[in-house]
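Report on the following structure.
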Amino acid sequence: MAWVCLVIAGVLEVVWAIGLKYTDGFTRLWPSVVTVLAMIASFYFLSQALKTLPVGTGYAVWTGIGAVGTAVLGILLFSESAAFGRLLSIALIIIGIVGLKLTAAQ
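Residue numbering for the sequence shown follows the numbering used here, starting at 732 and increasing by one per position.
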């Protein structure tokens, strides 16, 4: 169950990171509301996951999911660079996340 909470927390991190772009510096109400709620929910699910997962593993996976998801959505939604080096770096983060999952104590 901890890993499910961690994945949910990571997905919500992507939501709030992308949401920040749409808030326009927190000047737009509804994107700001969604972003803040996603932040709160993300931290909640992360805290639930960290009840049983090692903090280093949990935090690294959470930020990894957020980084990969945000980078991919940046490419898809905002026409950010999809250069080979960037895609390779994203792939390396994914490999790190999988490695942490496979070697985690729980």
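We put the CB at the ideal spot given by N, CA and C, even for glycine.
- Of the candidates Phe774, Val764, Ala802 and Ile796, the residue whose Cα lies closest to the Cα of Lys832 is Ile796.
- Judged by their CB atoms, Gly789 and Leu781 are nearer to each other than the 8 Å cut-off.
- The beta-carbon distance between Ala733 and Trp747, rounded to whole angstroms, is 21 Å. This is too long to meet the 8 Å contact definition.
- Per the coordinates, the alpha-carbon of Trp793 lies some 12 Å from the alpha-carbon of Pro785.
- Here Leu737 is buried. Its C-beta has 16 or more other C-beta atoms within 10 Å.
- Between the alpha carbons of Ser812 and Gly830 lies a distance of about 26 Å.
- Straight across, the Cα-Cα distance linking Val764 with Leu751 is about 10 Å.
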